[in-house]
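Colleague:
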Amino acid sequence: MKILLTYSFSSLATYIHNLLAELITNSLLLQVTEMVILGVSLIAFLVVLCFFLGYMERKVAAFMEIRLGPNRVGPKGSMQIVADTLKLLLKEGLTPDSADKFLFNLAPVIMVIGSMMVIAPIAFAKDFQLYDINIGVLYVSAVSSLGVIGILMAGWSSNNKYSLLGAMRSGAQIVSYELSVGLSLISIVVLSGSLSLGDIVRSQENGWWIIKGHIPVIISFVIFIIASTAEINRAPFDMAEAEQELTGGFHTEYAGMKFAMFLLSEYINLFVVSAVAATLFLGGWMPFHIGGLDGFNHIMDFIPSSVWFFSKTFLIIFIIMQFRWTFPRLRVDQLLTLEWKYLLPISMVNVILVTVMAIMGWHF
Amino acid sequence: MFLKEYFGTIYKSIKSLLVGMKVTGYYFTHLDEIKTEEYPDNRATLKMFDRFRGEVVMPHDDNNEHRCTGCQACEIACPNGTIKIITKQEILEDGKKKKRIDAFVYHLDLCTMCNLCVVACPSDAIVMAQNFEHSVYDKKQLKKILNQPDSKLMQGVE
Amino acid sequence: MRGLIEDDYVTDEGEFVINIGPQHPSTHGVLHLKVWLDGETVKKVQPHLGFIHRSIEKMSESLSYRNFIFATSRMDYLAAHINNEACALTVEKGLQLEVPDRAKYIRTILAELTRLQSHLLWWGCTGLDLGAVTPFFYAFREREYIMEIMEETCGARLTQNFMVPGGVMYDIHPNFQKRTKEVLIQIKSKFQEYDNIMTGNVIFENRTKGVGFLSKEDAISYGVTGPTARASGVSCDIRKLIPYSAYDQVQFDEILGTGGDCYARYMIRMHEMKQSVSIIEQLIDNIPEGEFQAKTKNVIKLPKGEFYQRVETPRGELGVFIVSDGAASPYRIKYRSPGFSNLSALPLMAKGGKIGDLVAIMSTIDLVIPDIDR
Amino acid sequence: MNTEELKSSISNILPSAIYDETGEFLNVNIASEELYPLINELRSNSEFDFDYLFCLTCIDWKDHLMMVYHLLSKTHQHTIVLKAKISNRENSEIETVCNIWRTAELLEREVFDLFGVKFINHPDLRRLFLSDDWNGYPLRKDYVDENMISL
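So the protein sequences, as listed, match chains U, D, C and V.
Under my numbering, the first residue of the first sequence is numbered 1, with each subsequent residue one higher.
Under my numbering, the first residue of the second sequence is numbered 1001, with each subsequent residue one higher.
Under my numbering, the first residue of the third sequence is numbered 2001, with each subsequent residue one higher.
Under my numbering, the first residue of the fourth sequence is numbered 3001, with each subsequent residue one higher.
1) Could you please tell me which residues of the segment 2194-2228 of chain C, in chain order, have their CB closer than 8 Å to any CB of chain U?
2) Residues of the segment 1020-1045 of chain D with a CB closer than 8 Å to any CB of chain U: list them in chain order, please.
3) Since residue 181(U) contacts residue 227(U) with CB under 8 Å, what's their CB separation in whole angstroms?
4) Whose CA, out of 3058(V), 3045(V), 3014(V), 3008(V), lies closest to the CA of residue 3115(V)?
5) Please classify residue 2338(C) as buried or exposed, where buried requires at least 16 other C-beta atoms within 10 Å of its C-beta.
6) From this set, 2191(C), 2298(C), 2123(C), 2229(C), which residue's C-alpha is nearest residue 2349(C)'s C-alpha?
7) Within 8 Å, do at least three Cβ pairs link the segment 1012-1023 of chain D to the segment 2194-2209 of chain C?
8) Under the criterion of a Cβ to heavy atom distance below 7 Å, does residue 2064(C) qualify as lining the ligand ATP?
9) Could you check what DSSP says for residue 155(U) in three-state terms: helix, strand or coil?
10) Residues of chain D with CB closer than 8 Å to the CB of residue 2070(C), please, in chain order.
11) Using 8 Å as the limit for Cβ to Cβ distance, is residue 3062(V) near chain C?
12) In three-state DSSP terms, what is residue 1044(D)?
13) Output the distance between the C-alpha atoms of residue 2184(C) and residue 2117(C), rounded to the nearest integer angstrom.
14) Looking only at its own chain, which residues have a Cβ that is under 7 Å from the Cβ of residue 1082(D), when we skip the five neighbours before and after it?
15) Just to confirm my understanding: we take residue 336(U), look at its own chain, exclude 5 residues before and 5 after, and list those with CB closer than 8 Å. What are they?
16) Which residues mark the beginning and the end of the alpha helix (DSSP H) in which residue 2047(C) is found?
17) Just the chain C side, please: which residues come within less than 8 Å of residue 1128(D) by C-beta, in chain order?
18) I believe residue 3175(V) touches residue 3035(V) by the beta-carbon criterion, under 8 Å. Please report the beta-carbon distance rounded to the nearest angstrom.
19) Taking contact to mean at least 3 C-beta pairs separated by less than 8 Å, is the segment 75-82 of chain U in contact with the segment 55-64 of chain U?
20) Any beta carbon from chain U within less than 8 Å of residue 2359(C)'s own beta carbon?
21) May I ask you to list, following chain order, the residues of the segment 157-178 of chain U that have a beta carbon less than 8 Å from some beta carbon of chain D?
22) At a Cβ threshold of 8 Å, is residue 65(U) touching chain C?
23) Do the CB positions of residue 197(U) and residue 137(U) come within less than 8 Å of each other?
24) Counting C-beta neighbours from all protein chains within 10 Å, is the total for residue 2004(C) 16 or more, i.e. buried, or is it exposed?
25) Are the beta-carbon atoms belonging to residue 141(U) and residue 185(U) less than 8 Å from one another?
26) What are the uninterrupted segments assigned as alpha helix (DSSP H) that are 4 or more residues long and contained completely in the segment 87-120 of chain U, given in chain order?
27) What residues in the segment 2072-2099 of chain C bring their beta carbon closer than 9 Å to a beta carbon of chain D?
28) Suppose only complete runs of 4+ residues qualify. What are the alpha helix (DSSP H) ranges in the segment 223-271 of chain U, listed by chain order?
29) Would you tell me roughly how many angstroms separate the C-alpha atoms of residue 1124(D) and residue 2239(C), rounded to the nearest one?
30) Does any CB atom of chain U fall closer than 8 Å to the CB of residue 2004(C)?
31) What would DSSP say about residue 2008(C), mapped onto helix, strand or coil?
32) Rounded to a whole number of angstroms, what is the C-alpha to C-alpha distance between residue 307(U) and residue 2345(C)?
33) Quick one: does residue 308(U) have its CB under 8 Å from some CB of chain D?
34) Is the shortest distance between the beta-carbon of residue 1007(D) and the beta-carbons of chain C less than 8 Å?
35) When the distance is taken between beta carbons, is residue 3042(V) closer than 8 Å to residue 3101(V)?
36) Could you please give me the residues that DSSP links to residue 2309(C) through a beta bridge?
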């Protein structure tokens, strides 16, 4: 029991730090080495995560579609995604003749970098955060919209009409939905009084915001989920890909590893969005506490904080996946109608409600 | 009035979406509803229906005898020219010359399994088999000779 | 006459032309649509056909009256039974042959099962075209049961070739009635599920309501038939107007819509599935005893003359026009295929809509490309 | 209108029409030059009101071509078959009907493609199924293709 309680990522990180500090005395060199280790392990973690998400998506889709899903490679088909990645790696990375080659090759890299950068301020577990920047929420909302540049680049440089249409759709879509995402984030910032994600998690020690903030926060949670599904270009908002209309949209011309990088960034985006939602609304790594019931709270504390974080994140990932495998796609003008006529006015009113609630102290 | 309509739309929309998600959620939690047949693995238990038309075969009995008289009714009935019957003259025991089949050539690659040859056959010499795994590496292998080597016409079939 | 290639690429300044198909996920085959766009808005659509043209009409001119039927299975492969039935009926009309009642009942049941499976596949594909993948699998589950009935009785799943001039090829399988009744119960229990996941869905309603409007006058002028025309209020169900086979023995409604949009077409087909179930239920227990095939001569020769038979396929009116000069094979055959005429109204319906609307229209008029190209 | 009424009404417009009642429908035989005035009248006159052209095709009778129009009136529920004889086989021409029934546009392109009948005033007369450089018209009885195999 003792081991379980003390086990956390922070102790691991401290252990590695101490080990390196003994070996390397130069503080600058130490910092650089730690950053390299961190970067490499982060990329490795994200790749493994994407493998898992890819497998999860296939299985979720299959079970909802009364199918078995991947079941040949590896136990229960779990190695299928590895086999697919190998296939994509071995494929020739085609570049169309008339494409703008520099931008064409740069676009997937920008997509991946853009989505990986958002990982930085997210608290994966207690005391385990890559960089608790004091304007975390602002950083997240700013960096997460970098991806649209990648999509626009990919669509324009492919020199393909379908790609261009997809990219243009995506531009309009992400710029619009950014507003709702921002406003629903602000409602939590108003309540917790801080932009730092670490502080926001700590502010939920005595209850998650979705419970403490009741109706207004639930509304902003729903808006956040819908708007961020649109922002990461997932069905039913996958205008930019729209297979049945644009055959693949902005990545029509991509093949091989470059195509895999779009997939990678899609899954990282999915994870990041769910992680942000879990952090802001569901308390991040905070266990489920009910005020007054000390015994119950204590039992909840036994569950490691990372388990809390990941189970909340994957719950939201599952919901977003279920959206994809249930709903038809919206039309491009309806997509904008939804944002400008429904989500944006509601979230604006909601921000006012939350502000009044925070001033009057009506939340729990 | 406007607000009532506005929120009414939102309420109805969210409700319809949740009803849809309930359906997919139901199947996600009821894995016994999965209908997938794991085809190559269930070969042992897979049984095709008796009437399933997979390919034309010519049944032979234990004495290596078939029922085909070489009347070419099937060849005429076939819309695609799938069947070619090559006949030969055979001298019977009593000295009479009789027409017998030399080769019943069946081009599986041209066949559309329309069953018209089987219907046309007056002596029930050919039937449809239930085998459906026809893939081969060379198209030439799909040209089949249905009568077995050294087979004879069954006694009493004219 | 200007050349196709030359004409294709001469466009005015600022026109954005995309080619949808022949390899495109939502054209359901090898249809090629040339689409002029203004942003997302469709300005003009021009269908280019012929990618799967096999000239079945020319082929049939050298086949006997027994043989030419098999090729029609390859026209509208989702309604092979009904195509075969149309040919058999035309030959019977020429021979003035009375088909036994049992054969008529079997034909009608099989035709309605075909309609049911075709509509089920259409329902799944409509979901797929609009971006919902899951309904496709639900539809295929039920369709598979019908395919099993077909396989057990007819011996094939899609291209059955079960109709012969004078009746049907074999008597029904002993399991046929039991299995059909079980399947009907199964399918009826799933209609509510279909409504839950698609019909009532707000996104689906927005995608289809008011999209692809076709007026009644245009529907008639363009020769549009089937559910597509009935959604515009045109009464054109051949089963009602000129009953053939056993359709005069059953009670069913011809459902007419008023909207003329994609949603109306969708609802017509959903109701038609229920009507088909009811038709089969009325017939399945009352199949009369007797012969399943009328006696015909070994070599069928139609008298000199012209014979026209209209039947109702899941997509509309199929006409078989046989011109006979008294020989053992037809002098000229013309198939008036429903998809061909329905497609001709697509440019009208799609004009002014978005690309997404074009996809919705294509899926709700239920195009089967081999049927168009023949 | 029944068959007799149809016959007398059509004779008023076009006395040279020849009738044939052996088939299922009333057949009206005319020459190709007479087609357009008659067919225009058949559509616009509310007595006939043939608003639905359900089949348009061509038959090659070796010495001449024959256009066949199956017409139906949705309001009166009467059907006629109009047959226009095109005597000039080499340079066959007939007036288009696609401004009367929109469905004729594609059907006439099909006939042009497979029979080589040129439709005067057709807005977009191109090959429909076959490629533009195809030689000959396949559904004509004298069409020969060296690649064609006979079974």
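By construction, the Cβ of each residue, glycine as well, lies at the ideal position given by its N, Cα and C atoms.
Small disclaimer: the values here were computed from a predicted structure and weren't measured.
Modeller: Reading it off the structure:
1) Going along the segment 2194-2228 of chain C in chain order, one finds 2197, 2198, 2201, 2203, 2204, 2206, 2207 with a Cβ nearer than 8 Å to chain U.
2) Result list: 1020, 1021, 1023, 1024, 1025, 1027, 1028, 1031, 1033, 1034, 1035, 1036, 1038.
3) Right, the Cβ-Cβ distance comes to about 5 Å (below 8 Å), so this counts as a contact.
4) Per the Cα distances, 3058(V).
5) Buried.
6) In this structure, 2229(C) is the residue among 2191(C), 2298(C), 2123(C), 2229(C) with its C-alpha nearest to the C-alpha of residue 2349(C).
7) Touching, per the Cβ criterion.
8) Here there are no bound small molecules, and the ligand ATP is not part of this structure.
9) Three-state DSSP puts residue 155(U) in a helix.
10) Going along chain D in sequence order, the residues near residue 2070(C) (Cβ under 8 Å) are 1079, 1112, 1114, 1116.
11) For residue 3062(V), the answer is no, since every Cβ of chain C falls outside 8 Å of its Cβ.
12) Residue 1044(D): coil per DSSP, three-state reduction.
13) The straight-line gap from Cα to Cα measures roughly 12 Å.
14) Correct list, in chain order: 1106, 1107, 1110, 1111.
15) If we look at residue 336(U) and ignore the five residues flanking it on each side, its Cβ neighbours are 172, 173, 176.
16) The continuous stretches of alpha helix (DSSP H) do not include residue 2047(C), which lies in the beta strand (DSSP E) extending over residues 2041-2048.
17) Simply 2155.
18) Outside the shown range of chain V (3001 to 3151) lies residue 3175(V), about which nothing can therefore be said.
19) Between the segment 75-82 of chain U and the segment 55-64 of chain U there are three or more inter-stretch CB-CB distances shorter than 8 Å, so the stretches are counted as touching.
20) Output row for residue 2359(C): interface = yes.
21) So the list is empty, because no residue satisfies the distance condition.
22) Yes, contact with chain C.
23) At a Cβ-Cβ threshold of 8 Å, residue 197(U) and residue 137(U) count as neighbours.
24) In this prediction, residue 2004(C) scores a pLDDT of 37, lower than 50, which makes its location untrustworthy; no coordinate-derived value is stated.
25) Taking 8 Å as the Cβ cut-off, residue 141(U) and residue 185(U) qualify as a contacting pair.
26) The qualifying runs are 101-117.
27) From the segment 2072-2099 of chain C, only 2073, 2074 have a Cβ closer than 9 Å to chain D.
28) Considered as a whole, the segment 223-271 of chain U harbours 243-246 as its complete alpha helix (DSSP H) runs of no fewer than 4 residues, in chain order.
29) For residue 1124(D) and residue 2239(C), the distance between alpha carbons rounds to 38 Å.
30) Residue placement at residue 2004(C) cannot be trusted, given a pLDDT of 37 that sits under 50; what the coordinates show is reported in the next sentence. Not flagged as an interface residue toward chain U: residue 2004(C), since no C-beta distance is shorter than 8 Å.
31) Confidence in residue 2008(C) is poor, its pLDDT being 44 and thus under 50, which makes the residue's placement too unreliable to answer from.
32) In a straight line, the C-alpha of residue 307(U) is about 58 Å away from that of residue 2345(C).
33) When Cβ-Cβ separations below 8 Å define contact, residue 308(U) makes no contact with chain D.
34) For residue 1007(D), not one C-beta of chain C is nearer than 8 Å to its own C-beta.
35) No.
36) Beta-bridge partners of residue 2309(C) (DSSP): 2320(C).
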